[in-house]
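From first to last, the protein sequence lines are chains A, B and C. So that you can map any letter, position 51 of the first sequence is 51 in my numbering, and since no number is skipped, the others follow by simple counting. So that you can map any letter, position 335 of the second sequence is 335 in my numbering, and since no number is skipped, the others follow by simple counting. So that you can map any letter, position 29 of the third sequence is 29 in my numbering, and since no number is skipped, the others follow by simple counting. Think of the CB as a built atom: it goes at the ideal place given N, C-alpha and C, for glycine as much as any other residue.
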Amino acid sequence: MAKRSILGLFTEQQVDDAANAMDALAAAGYGTNEYEVITGTPYPEGTFGEAEPKHKLFRWPLTGAVCGFIIGLVLTAGTQLAYPMVTGGKPILSIPPMAIIMYEGTMLGAIIFAVIGIILESRLPRLFMGAYDKRITEGYIGVTVTTEEDKLEPAEKLLTDAGAGEIKRGWENN
Amino acid sequence: MASHVDVKSHQGHGEGQYVPFTTQEEVVSDLITKHTKVSDKWISGVVAAGLLLLLGVVGFAMRLANGMDDRVVWGYYALMFAFILSTASAAPMIAIAPRIANAHWRRPISRAAELWSAAGLFSLLLFIPMLWILPPLNDGRRSLWFFDPDDPVYSQVPIYTPHIWAALAILGLVIVGFVLLWLSAMPDLALMREHSTGFRQKFAAKLSGNWVGTTGQWNMLHHRMGIIGAFYFMMLIFVHFLVTMDFLIVLVPGWIDALFPITHAANALQAGVATVILSMIFMRQFGGYKEYITLEQFWGLSKLLFALSLLWFWFWFSSFNVFWYGKKPSEQAVLELLMVGPYLISFLAGFVLSFLAPLFVMVWNPVRKSIWGPTIMSVAVLFGVFFDKLRYYVAAYSVPGIGDAHVHKHFMDMDAIPKVHMPGLPDIFIILGVIGGAVFFYLIFARLIPPVSIWEQKELMLYKVHKAYHRTEVFVLGKPR
Amino acid sequence: MQEHVQLTQKEINDDLLAPVLGMPKWWYGAVGFLLLVIFIGLAAYGYELYWGMGVTGLNRPVMWGFYITNFVFWIGISHAGIMISAILRLTQAEWRRPITRAAEVMTLFSLVAALSNIMFHVGRPWRLFWVYPYDFSRGLFMNVRSPFVWDPSAVMTYLIGSSLFVYVALLPDLAVVRDRATGKYAPTVYGILCLGFRGTPRQWKLQGIAGILLSALVLPVFVSVHSIVSWDFAVAIGVEGWHSTIFAPYFIIGAIHSGVSAVAMIMALVVWLYKADRYIRPDHFDAIGRLLIVVSTTWFFFFFLEWVFALYTLESPEIAMRELQVFQNPFWWLFVIFLLTSYFIPVPMWLFKSVRRSPMWMFITTILVNIGMWLERFLIIIPGLARRQPFEFDWGSYTPSLVEILIVCETFAFVSLGMLLFAKVFPLIPIFDMKEGMILRDEIRIGRRTVPASIRETP
Numbered sequence: 001m002a003k004r005s006i007l008g009l010f011t012e013q014q015v016d017d018a019a020n021a022m023d024a025l026a027a028a029g030y031g032t033n034e035y036e037v038i039t040g041t042p043y044p045e046g047t048f049g050e051a052e053p054k055h056k057l058f059r060w061p062l063t064g065a066v067c068g069f070i071i072g073l074v075l076t077a078g079t080q081l082a083y084p085m086v087t088g089g090k091p092i093l094s095i096p097p098m099a100i101i102m103y104e105g106t107m108l109g110a111i112i113f114a115v116i117g118i119i120l121e122s123r124l125p126r127l128f129m130g131a132y133d134k135r136i137t138e139g140y141i142g143v144t145v146t147t148e149e150d151k152l153e154p155a156e157k158l159l160t161d162a163g164a165g166e167i168k169r170g171w172e173n174n
Numbered sequence: 001m002a003s004h005v006d007v008k009s010h011q012g013h014g015e016g017q018y019v020p021f022t023t024q025e026e027v028v029s030d031l032i033t034k035h036t037k038v039s040d041k042w043i044s045g046v047v048a049a050g051l052l053l054l055l056g057v058v059g060f061a062m063r064l065a066n067g068m069d070d071r072v073v074w075g076y077y078a079l080m081f082a083f084i085l086s087t088a089s090a091a092p093m094i095a096i097a098p099r100i101a102n103a104h105w106r107r108p109i110s111r112a113a114e115l116w117s118a119a120g121l122f123s124l125l126l127f128i129p130m131l132w133i134l135p136p137l138n139d140g141r142r143s144l145w146f147f148d149p150d151d152p153v154y155s156q157v158p159i160y161t162p163h164i165w166a167a168l169a170i171l172g173l174v175i176v177g178f179v180l181l182w183l184s185a186m187p188d189l190a191l192m193r194e195h196s197t198g199f200r201q202k203f204a205a206k207l208s209g210n211w212v213g214t215t216g217q218w219n220m221l222h223h224r225m226g227i228i229g230a231f232y233f234m235m236l237i238f239v240h241f242l243v244t245m246d247f248l249i250v251l252v253p254g255w256i257d258a259l260f261p262i263t264h265a266a267n268a269l270q271a272g273v274a275t276v277i278l279s280m281i282f283m284r285q286f287g288g289y290k291e292y293i294t295l296e297q298f299w300g301l302s303k304l305l306f307a308l309s310l311l312w313f314w315f316w317f318s319s320f321n322v323f324w325y326g327k328k329p330s331e332q333a334v335l336e337l338l339m340v341g342p343y344l345i346s347f348l349a350g351f352v353l354s355f356l357a358p359l360f361v362m363v364w365n366p367v368r369k370s371i372w373g374p375t376i377m378s379v380a381v382l383f384g385v386f387f388d389k390l391r392y393y394v395a396a397y398s399v400p401g402i403g404d405a406h407v408h409k410h411f412m413d414m415d416a417i418p419k420v421h422m423p424g425l426p427d428i429f430i431i432l433g434v435i436g437g438a439v440f441f442y443l444i445f446a447r448l449i450p451p452v453s454i455w456e457q458k459e460l461m462l463y464k465v466h467k468a469y470h471r472t473e474v475f476v477l478g479k480p481r
Numbered sequence: 001m002q003e004h005v006q007l008t009q010k011e012i013n014d015d016l017l018a019p020v021l022g023m024p025k026w027w028y029g030a031v032g033f034l035l036l037v038i039f040i041g042l043a044a045y046g047y048e049l050y051w052g053m054g055v056t057g058l059n060r061p062v063m064w065g066f067y068i069t070n071f072v073f074w075i076g077i078s079h080a081g082i083m084i085s086a087i088l089r090l091t092q093a094e095w096r097r098p099i100t101r102a103a104e105v106m107t108l109f110s111l112v113a114a115l116s117n118i119m120f121h122v123g124r125p126w127r128l129f130w131v132y133p134y135d136f137s138r139g140l141f142m143n144v145r146s147p148f149v150w151d152p153s154a155v156m157t158y159l160i161g162s163s164l165f166v167y168v169a170l171l172p173d174l175a176v177v178r179d180r181a182t183g184k185y186a187p188t189v190y191g192i193l194c195l196g197f198r199g200t201p202r203q204w205k206l207q208g209i210a211g212i213l214l215s216a217l218v219l220p221v222f223v224s225v226h227s228i229v230s231w232d233f234a235v236a237i238g239v240e241g242w243h244s245t246i247f248a249p250y251f252i253i254g255a256i257h258s259g260v261s262a263v264a265m266i267m268a269l270v271v272w273l274y275k276a277d278r279y280i281r282p283d284h285f286d287a288i289g290r291l292l293i294v295v296s297t298t299w300f301f302f303f304f305l306e307w308v309f310a311l312y313t314l315e316s317p318e319i320a321m322r323e324l325q326v327f328q329n330p331f332w333w334l335f336v337i338f339l340l341t342s343y344f345i346p347v348p349m350w351l352f353k354s355v356r357r358s359p360m361w362m363f364i365t366t367i368l369v370n371i372g373m374w375l376e377r378f379l380i381i382i383p384g385l386a387r388r389q390p391f392e393f394d395w396g397s398y399t400p401s402l403v404e405i406l407i408v409c410e411t412f413a414f415v416s417l418g419m420l421l422f423a424k425v426f427p428l429i430p431i432f433d434m435k436e437g438m439i440l441r442d443e444i445r446i447g448r449r450t451v452p453a454s455i456r457e458t459p
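Below you can see the structure in the form of structure tokens.
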């Protein structure tokens, strides 16, 4: 069965209702990867009772730093060994200048990879918005459910019972 | 969305919440009991520190027996004077800076940091012999004071320059440190006035003056602590500037390093943080303050220690790069003396312990956010500071011709660089004695003034409130100013 | 923050998107004027390219003049972004919220302006790529041991790092613009730019981490960039007044001084031009004013140290150069103006709360600071070069030509235009940051007093 998604919209004042909706979905047996809250602004973690998102972001800047370090080393040592020319009476492989450029390479690698990691760990880029409403960025709180078609209607009912003002269907407006 | 939280609705318990009770009365009674009880551990500490101090006095006497003309043998003494200036005198900054930044996590440890001003008294005592060790200006060395024996104007610079200015600066620093300690302790001394007996009660009554806790008194207290804190910071930088200039840089011919006073001060801040972290672990393990000094404090200070370790490298490299690149013979000789020549091992030890180890160990958040991670790194940093200062002070004091007007003072030859000066038995005694002495002074003062600031804990209970926030728990931090 | 205006998310969207979705009345005029200045500056550069460097005032011994002064100045201004953004993020200072993006964007354009000054300064700019290991047929690679090769590595790292930082922090706001934009292409373009950001807890958590992680990564780069630029001067032994170890931290603290002042200027302009007085309150000006007092006093101490050690050397060429700087025409009055404008006028004024809280006075004083800091770089570079050799017949002087003046003006216009264009396309005040600030805002009632507070997550 194909997966579809729906969105239950709650107003800015209905934070607890949205949290109740999340609880009801959990109690009804929906998996944590099947429902999610979306907000236009960051709330303190756990406000809606959601589990702490797990990520392995630290791998990215670490990998990037190592790559950058190696590139810096190859660049500085390689270029000077390729066409060696003594300048300023300093050795061909002078550690202080090499350290400077290798340091910049390390940091650049760490930053670039960190940004890539942040984007990918955020599960972006996302090609299709799915169930979404523009009012989310105006303060509305959305609870989305992405599941098989036969489980959608009970989910709709749970959202409405919890107080959702409107239900939007992802496949209808994308 | 604003919500009103009544102050009575908070809970104050759990790891990391750093106020283990729910009412101010409980906090006061707990902290006063901890403070007034004289524990065996404190007695052992004082005895051990006192014995080390005595050993130091013996070592000093052994050195003094041979007079002060031979500066080479006084290098380790100068090293330890600078070590105390870098560790104990910089520690109060840990109370001052986070207070200005309104960081609440400093509250349980600010008094422990300020108490190190007491060891400032010890540094003043240590400074007195330095006045005789340092030769007068007419030996031809460069100086800050534009002394020129042939010039009708500049030879009028008093012959006790620079000694008197450095002495006044250090005296000023110690006095400001004590004023800061006294101001910060005043409300607690008023508490002790009401809750203790005997000598402690008399002492507290005298020093707390007419403190009763009116709004005007509290406002004045905050205002004054801010000003004195800023003043202490400026005095600290000034003292480091004068001491490094007059007692270190000028002794090495050809060493012109505009950055070094700042490097010395920044290294002192790093050492001060390490000193406070060690004080924290002792207070937790032996002082019974486990519920007050929690992970939060170690995490806050470990971030500072990490940042300052990175700064260590930056300041060192800024100086090094300019000297290395320029290849001026005078500067090459300075690098040879202080870094890659006879004191290479000392330099490497300092480099590894003050920078490399903290960098690679504390870059990991789980290490920073632990109790023992920052503690072990603080020990490493303090050893690093010791070895780093060793290569500067012992090397500088062993340069030939200090005090001798016939030896050229503006330029040092590569072959004039002395060999490494190893410590003798009196020097070992002095090293141990100075550390013991600083700890001794600290422990004595910690008996008179509560080492955890009681009034700041009570203030925290007003401004830090836990509450439920929909499905989670948050805490609310008030910012009254 | 003691004063606070609690706004709904919709109000915040409306206010902060007005410059993007609408068109302020003054916009065309301002952009037109700036484009004119840029055009004239570029025309002057074209003239310089055609006729050669002789059209400038540069000559032996003063080989570095306005362009290098301007280069260092803009590198300095670029340091504001990270100072305000990274350091205030790491210390969780709430007052950073409205100003982080403006500071970061100023960084980006300042860096490009700085790099352009190098292009203006070198006689054969088509050879600038030689700093990179390209073109194997020449039999020569760049000299890694030269500070002029360290410079591009540092500045490019900082530029790329800051751009990525701005972009990552912009993602949630791009989502807001996507939702509010009208027209045929705008929603799609913004949708592509925001990569489909929706606002899930995972995305918000990573935004929070991104702010802290990238701040912590860019901060060491920020320290290294201006240190490396300062070593362009400090490692040289030939020029008096340059070979000083203090240059790296001195330039950094000078950069922070001029950069934070520039941010205060931008804040005042944003309040006046974009009517953002509900977001940038007098409290924000007060906070930045207090930061400036600390920063400028620290800078002054470093300046004092540099001077003390210059005199301490007792070397006659060094002392002669200092005498030139302080007593001789034309440098003496530049020196006086520099001291007054960079420290002795602004700082005593900032000691007064009424001055700190007034956008107009902060604008005036910070303009003075930047005039002073531009002169500071001029006074470091030109007098030293003018007296570079020990023999009098080698001494020279420097008079900037019209070409140099026009090009320097062009750089100021370029940065201003860049910021205006950015503010037209993207929200200059971070929307989600302001919304987060509203949500985290709380109050504690103690007796009759209500103390403003912030919500923090339990660790």
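Open item on the list: Given a cut-off of 8 Å on the beta-carbon distance, is the pair A262/C and N370/C in contact?
Closed with: yes
Task: 6 Å Cβ shell around R449/C - same chain, five flanking residues per side excluded - done: none
Task: Per-residue burial, R145/C [other beta carbons within 10 Å of its own, 16 or more giving buried] - done: buried
Task: 8 Å Cβ cut-off: residues of chain B touching V235/C - done: N321, V322, Y325, G326
- [ ] Starting from F10/A, trace the beta strand (DSSP E) both ways and give me its first and last residue.
- [x] 3 to 10
Task: Contacting residues, own chain, Cβ-Cβ under 7 Å from L385/C (five flanking each side not counted) - done: P61, V62, M63, W64, V239
Open item on the list: By the DSSP assignment, the alpha helix (DSSP H) with E104/C in it spans what residues?
Closed with: 100 to 121
Task: Endpoints, the alpha helix (DSSP H) within which S342/C is located - done: Taken as a continuous stretch (DSSP letters only), S342/C belongs to no alpha helix (DSSP H), as it is neither H nor E.
TODO: Answer yes or no: do L85/B and G433/B have a C-beta to C-beta separation smaller than 8 Å?
DONE: no
Open item on the list: Any C-beta of chain F within less than 7 Å: which residues of the segment 111 to 123 of chain A qualify?
Closed with: Looking at the structure shown, chain F is missing, and the protein chains on hand are A, B and C.
Task: Chain-ordered neighbours of T76/A on chain C, where CB pairs are closer than 7 Å - done: V144
Task: Distance cut-off 7 Å: L7/C Cβ against heavy atoms of the ligand ATP - done: In the structure shown, the ligand ATP is absent, as is every other ligand, since no ligand is present at all.
TODO: Could you name the residues of the same chain whose beta carbon sits closer than 6 Å to that of G373/B, not counting the 5 residues immediately before and after it, in chain order?
DONE: V367
Open item on the list: Measuring only the C-alpha atoms, how far is M98/A from L159/C?
Closed with: 21 Å
Open item on the list: Quick check: H240/B and A268/B, are their CB atoms within less than 8 Å of each other?
Closed with: yes
Task: At least three beta-carbon pairs within less than 8 Å, the segment 314 to 333 of chain C to the segment 137 to 155 of chain C - done: no
Task: Buried versus exposed, by CB contacts within 10 Å (16 or more), S39/B - done: exposed
TODO: Run the CB neighbour count on G213/B, radius 10 Å, all protein chains shown included, and call it buried at 16 or more, exposed below.
DONE: exposed
TODO: Check whether the Cβ atoms of N59/C and G437/C sit closer than 8 Å, and answer yes or no.
DONE: no
- [ ] May I ask you to report which of helix, strand or coil DSSP gives L314/C?
- [x] coil
Task: Buried versus exposed, by CB contacts within 10 Å (16 or more), T157/C - done: buried
Open item on the list: What are the residues in the segment 5 to 32 of chain A lying within 7 Å of chain B by C-beta distance?
Closed with: V15, D16, A19
TODO: Consult DSSP for Y35/A and reduce its assignment to one of helix, strand or coil.
DONE: strand
TODO: Please list the residues of the segment 454 to 475 of chain B that have a C-beta atom closer than 7 Å to any C-beta atom in chain A, keeping them in chain order.
DONE: Y469, H470, R471, T472, V474
Task: 8 Å Cβ cutoff, T411/C in contact with chain B - done: no
- [ ] Sort out for me which residues DSSP pairs Y77/B with in a bridge.
- [x] In the DSSP output, where bridge partners are listed per residue, Y77/B has none listed.
TODO: Can you pull the chain A residues whose beta carbon is under 7 Å from the beta carbon of T157/C, in chain order?
DONE: E104, M107, L108
TODO: Counting only runs of 4+ residues fully inside the segment 439 to 477 of chain B, write out the alpha helix (DSSP H) ranges in chain order.
DONE: 454 to 463
Task: Contact with chain C by I256/B, beta-carbon distance below 8 Å - done: yes
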